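One structure is given here, and the rest of the page talks about it.
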Amino acid sequence: MIYIIRLLQHTMSLVFVGFAILLMLAPLFLELSITQMFIYWPLMLISASVTYLFADHQMNKSLQHQLQNQTSNASTNKFKLAAYCPLSCQR
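Quick note: the sequence shown uses my numbering, first residue 3, plus one each step.
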């Protein structure tokens with residue numbers, strides 16, 4: 003599951019880089035004036051950056067929950083082993 007989340011993070015990074023490049027090229031296709039482009043570019047880059055940071059934060063939270071679940075499952079299994087196995091079995 004952790005590998006899937008990491009893969010999603012890298013895919014998301016590539017998608018947002020492509021999105022930012024398209025946003026920077028959009029004024030050329032829309033034939034905006036120079037002053038409109040200087041207003042448009044920073045706004046679009048800021049919105050793309052905020053969106054990326056929010057999505058990355060959500061992915062990191064999901065990854066942390068996965069790691070915590072794996073850690074708690076490992077400690078729970080250790081206690082189960084201690085309850086059902088004699089000391090010689092646990093070594």
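All residues carry an ideal CB built from backbone N, CA and C; glycine is no exception. Keep in mind that this is a model prediction, so the values were computed, not measured.
Top-ranked residue by Cα proximity to residue i, from the options
i: ARG8; options: GLN72, LEU65, PHE31; result: LEU65
i: ILE95; options: ILE6, PHE18, GLU33, THR37; result: Not covered by the structure: residue 95. The range shown for the chain is 3 to 93.
i: VAL52; options: LEU69, PHE21, THR37; result: PHE21
i: LEU10; options: THR37, TYR54, SER35; result: TYR54
Sufficient close CB pairs (3 or more, under 8 Å) joining the segment 56 to 66 to the segment 8 to 17: The answer is yes - the segment 8 to 17 touches the segment 56 to 66, with three or more Cβ pairs under 8 Å.
Given 8 Å, three or more beta-carbon pairs between the segment 43 to 50 and the segment 18 to 27: Yes, they touch.
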